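Numbering (our numbering), first residue to last: 1272 to 1400. Even for Gly, the Cβ is constructed at its ideal location relative to N, Cα and C. Owing to the predicted nature of the structure, the values given are computational and were not obtained by experimental measurement. Taking it in order: structure first as structure tokens, then the write-up.
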């Protein structure tokens, strides 16, 4: 994952990224509990509370073609892309809420990109397939 501290305020997922700094981390699950500071159980505190983006990139090898649900719970917004196609989006800031993103996937390897933003106030991000 790449943590991007924004140089300025973030109002929506479409706010242009103007990085004050970027930091890369290796994590095995997207689990950032609700709170006032970004925290991950394997990394600890990241030292950011507001106005940041996180980019996640991975691949998924789908063995069985079918319908899948990606569940994303977030406090603020996100954009999920699979193979460069937007599957699910919540563009604005919001309190912690769950979005279910259905998609049909064929057998094979798929690129998955998740962009999350935190404006101000409480934060949190959880995912599940």
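Report the rounded CA-to-CA distance for residue i versus residue j, giving the unit in angstroms.
i            : j            : result
residue 1305 : residue 1366 : 10 Å
residue 1387 : residue 1287 : 13 Å
residue 1302 : residue 1275 : 17 Å
residue 1394 : residue 1348 : 10 Å
residue 1313 : residue 1298 : 7 Å
residue 1307 : residue 1379 : 39 Å
residue 1245 : residue 1300 : Coverage of the chain is limited to positions 1272 through 1400, which leaves residue 1245 absent and any answer about it impossible.
residue 1351 : residue 1385 : 5 Å
residue 1376 : residue 1361 : 21 Å
residue 1399 : residue 1340 : 8 Å
residue 1389 : residue 1334 : 34 Å
residue 1343 : residue 1359 : 9 Å
If you follow the beta strand (DSSP E) that residue i is in, where does it begin and where does it stop?
i            : result
residue 1381 : 1379-1389
residue 1360 : 1356-1361
residue 1352 : 1349-1353
residue 1286 : From DSSP, residue 1286 is part of no beta strand (DSSP E); its letter is neither H nor E.
residue 1395 : 1394-1399
residue 1276 : 1273-1277
residue 1368 : 1368-1376
residue 1340 : 1337-1346
Using only alpha-carbon positions, find the residue among the options that is nearest to residue i.
i            : options                   : result
residue 1383 : 1397, 1357, 1390 and 1303 : 1357
residue 1296 : 1344, 1375 and 1328       : 1328
residue 1330 : 1355, 1290 and 1294       : 1355
residue 1293 : 1285, 1336, 1345 and 1318 : 1318
residue 1323 : 1291, 1337, 1338 and 1316 : 1291
Specify whether the segment 1272-1286 and the segment 1371-1378 touch according to this definition: at least 3 beta carbon pairs, one from each stretch, less than 8 Å apart. no
Please list the segments of the beta strand (DSSP E) lying wholly inside the segment 1304-1334, counting only runs of 3 or more residues, in order along the chain. 1323-1333
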